[in-house]
Amino acid sequence: MRGGWPVAEPETRASGGRGAQLERTGLRPGWTTGACATAATTAAYTALLSGEFPDPVTIALPKGQRPAFALAAEELGADRAMAAVVKDAGDDPDVTHGALVRATVRALPPGRGVVFRAGPGVGTVTRPGLPLAVGEPAINPVPRQMMSDHIAEVAARHGGSGDVEIEISVDHGEEIARSTWNPRLGILGGLSILGTTGIVVPYSCSAWIDSIRRGVDVARAAGRRHVAGCTGSTSEKVAVAEHGLPEDALLDMGDFAGAVLKYLRRHPVDRLTVAGGFAKLSKLAAGHLDLHSSRSQVDKAYLADLARRGGADEELAAAVAAANTGLETVQLCAARGVPLGDLVAAAARDTALGVLRGAPVAVDVICIDRAGTIVGRAASRGPREV
1 MRGGWPVAEP ETRASGGRGA QLERTGLRPG WTTGACATAA TTAAYTALLS
51 GEFPDPVTIA LPKGQRPAFA LAAEELGADR AMAAVVKDAG DDPDVTHGAL
101 VRATVRALPP GRGVVFRAGP GVGTVTRPGL PLAVGEPAIN PVPRQMMSDH
151 IAEVAARHGG SGDVEIEISV DHGEEIARST WNPRLGILGG LSILGTTGIV
201 VPYSCSAWID SIRRGVDVAR AAGRRHVAGC TGSTSEKVAV AEHGLPEDAL
251 LDMGDFAGAV LKYLRRHPVD RLTVAGGFAK LSKLAAGHLD LHSSRSQVDK
301 AYLADLARRG GADEELAAAV AAANTGLETV QLCAARGVPL GDLVAAAARD
351 TALGVLRGAP VAVDVICIDR AGTIVGRAAS RGPREV
């Protein structure tokens, strides 16, 4: 679910830190849709003023890098120019990789400034809570600034006024956007043009976490007082069935429980339901905030200790500690009348309340198996009840 607002294009510094890590791992970084749109815009406006498309076209990124982009298409008319760049996401599994990002630049009367339009495949904002007003094209603030800065540079170089309309489009963008958060966030008609550094870092967590934050913003702006952070589509369906929550109250938490909790700590709602698979939520119960299998493991010794607290004898506790999977532990306990699922849910709730640090958010937890059957739950509890 990358490639829309703002699930696509995880970013970080291009040198040092994670950039250095990329050099060691051999993963190839790529370019954001915002960088591609800026390159296409720069080439189109240069052609509109000079009659020639620079190919490749070089742009300056916010951190100072100066990449060059080959043009995939170009058209020059009397009062407009269009240039297109193919999005290269490097080694990141980005749904916009290979998409054709087009910029059509039209001259405007002096004094009009830079006006942005959403062309085919670029979405329009229809709900409050995002960093763009309702009705605006889903072109993020940093890409807008990048394009405006490059328009000014081209105008100074070639004697233009810098007053232009920039229409950004993405071939097949509306279809691609169905794989992103855009429809849920109220961005309709296509993708978002994203980017804060211009660089896509493969397998970064930052874009997903930013999507969670924007989901909270949209829910709050819509007046939602109860949201659900869900690890996947099955747990999401369970949360909806249990609480009747609307789509804009659902947060695609994935493995990033900590991101949900830390953002709600600063931007609270009245109630949070955490819903997910038993194994993942057992990690939260044990204090892990990143639930991905490469960064945290199901601690069966911890589960055995929880089972003891719930009345398990040593034979059952030993079976739990030796179980093959997290789900097997809850099944073993259920057969002996030990409510391990409820104990995990309660411990996960307590971890969540600890991360919230007294923020006015009540938390309840639902644990499910792979079929979506509820195997444990903890009732809503607020910070004053801990």
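Following full-length UniProt numbering, the numbering of the sequence shown begins with 1 at its first residue and continues without gaps. Where a beta carbon is used, it is the ideal one built from N, C-alpha and C, also for glycine.
Quiz item: Taking Cβ to Cβ, would you say V355 is nearer than 8 Å to P268?
Solution: no
Quiz item: Do V170 and A99 have their C-beta atoms closer together than 8 Å?
Solution: yes
Quiz item: Comparing alpha-carbon positions, which option in F256, G121 and G326 lies nearest C205?
Solution: F256
Practice problem: Quick one: grab the DSSP three-state call for P67. | Solution: coil
Quiz item: R28: which of L264, I199 and P246 sits nearest, CA to CA?
Solution: I199
Exercise. Just confirm the distance between the C-beta atoms of N140 and I187, as a whole number of angstroms; I'd bet it's less than 8 Å.
Key: That belief does not hold up - the Cβ atoms of N140 and I187 are roughly 11 Å apart, past 8 Å.
Exercise. For the stretch 251-334, list the beta strand (DSSP E) runs that are entirely contained and at least 3 residues long, ordered along the chain.
Key: 271-277
Quiz item: Which class does V227 belong to by DSSP, given the choice of helix, strand or coil?
Solution: strand
Quiz item: Going by alpha carbons, who is nearest to D92 out of P54, A60, W31 and A39?
Solution: W31
Quiz item: Between which two residues does the alpha helix (DSSP H) harbouring D210 extend?
Solution: S206 to A221
Quiz item: If we call anything under 8 Å between Cβ atoms a contact, is T124 one with A138?
Solution: yes
Quiz item: Run through DSSP, which three-state label would I151 get?
Solution: helix
Quiz item: Is there contact between the stretch 217-226 and the stretch 51-65, where contact requires at least three CB pairs shorter than 8 Å?
Solution: no
Quiz prompt | Under the three-state DSSP convention, the category P383 falls into | solution = helix
Quiz item: Tell me which same chain residues have a C-beta within less than 7 Å of the C-beta of T329, skipping the five on either side of it?
Solution: K300, L303, V320, A323 and L340
Self-check item: Cβ shell of A81 (< 6 Å), same chain only, five flanking positions each side left out
Solution: A44, A47, L48 and V105
Quiz item: In the DSSP assignment, what residue or residues form a beta bridge with E165?
Solution: R106 and V115
Quiz item: Sorted by chain position, which residues of the same chain lie with C-beta nearer than 7 Å to R79's C-beta, five sequence neighbours on each side aside?
Solution: What sits at residue 79 in the sequence shown is Asp, not Arg. Same-chain partners within the cutoff: R106 and A107.
Quiz item: Under a Cβ-count criterion, where at least 16 other Cβ atoms within 10 Å of its own Cβ denotes burial, should A346 be classed as buried or exposed?
Solution: buried
Quiz item: Does the beta-carbon of A40 have 16 or more other beta-carbons within 10 angstroms, so that it is buried, or is it exposed?
Solution: buried
Quiz item: Is V344 closer than 8 Å to L306 when the C-beta atoms are compared?
Solution: yes
Quiz item: Between the stretch 177-187 and the stretch 111-120, do three or more beta carbon pairs fall short of 8 Å?
Solution: no
Self-check item: Same chain only: Cβ atoms within 6 Å of residue 401, ignoring 5 sequence neighbours per side
Solution: Lying outside 1 to 386, the shown extent of the chain, residue 401 is not represented and no answer is given.
Quiz item: If you pair each beta-carbon of the stretch 246-260 with each one of the stretch 229-237, do three or more pairs fall below 8 Å?
Solution: yes
Quiz item: For A352, which option in A275, D369, S293 and V85 has the closest C-alpha, if you only look at C-alpha atoms?
Solution: A275
Self-check item: Candidates A334, H292 and T325: closest to A312 by CA position
Solution: A334
Self-check item: Where A378 falls, given that 16 or more other Cβ within 10 Å makes a residue buried
Solution: buried
Quiz item: Would V260 pass as a contact of A279 if the rule is Cβ separation under 8 Å?
Solution: no
Quiz item: How is the beta strand (DSSP E) around I176 delimited, first residue to last?
Solution: Careful: I176 lies outside any beta strand (DSSP E), inside the alpha helix (DSSP H) at G173 to A177.
Quiz item: Rounded to a whole number of angstroms, what is the C-alpha to C-alpha distance between T33 and V101?
Solution: 7 Å
Self-check item: Neighbour-count burial assignment, H288, 16 or more Cβ in a 10 Å radius
Solution: buried
Practice problem: Check each candidate in C367, D88, F69 and L132 and name the one with the smallest Cα separation from T234. | Solution: C367
Quiz item: Between the beta-carbon of A207 and the beta-carbon of L191, is there less than 8 Å?
Solution: no
Quiz item: Count the other CB atoms within 10 Å of the CB of R357; is the residue buried (16 or more) or exposed (fewer)?
Solution: exposed
Quiz item: For L76, which of helix, strand or coil comes out of DSSP?
Solution: strand
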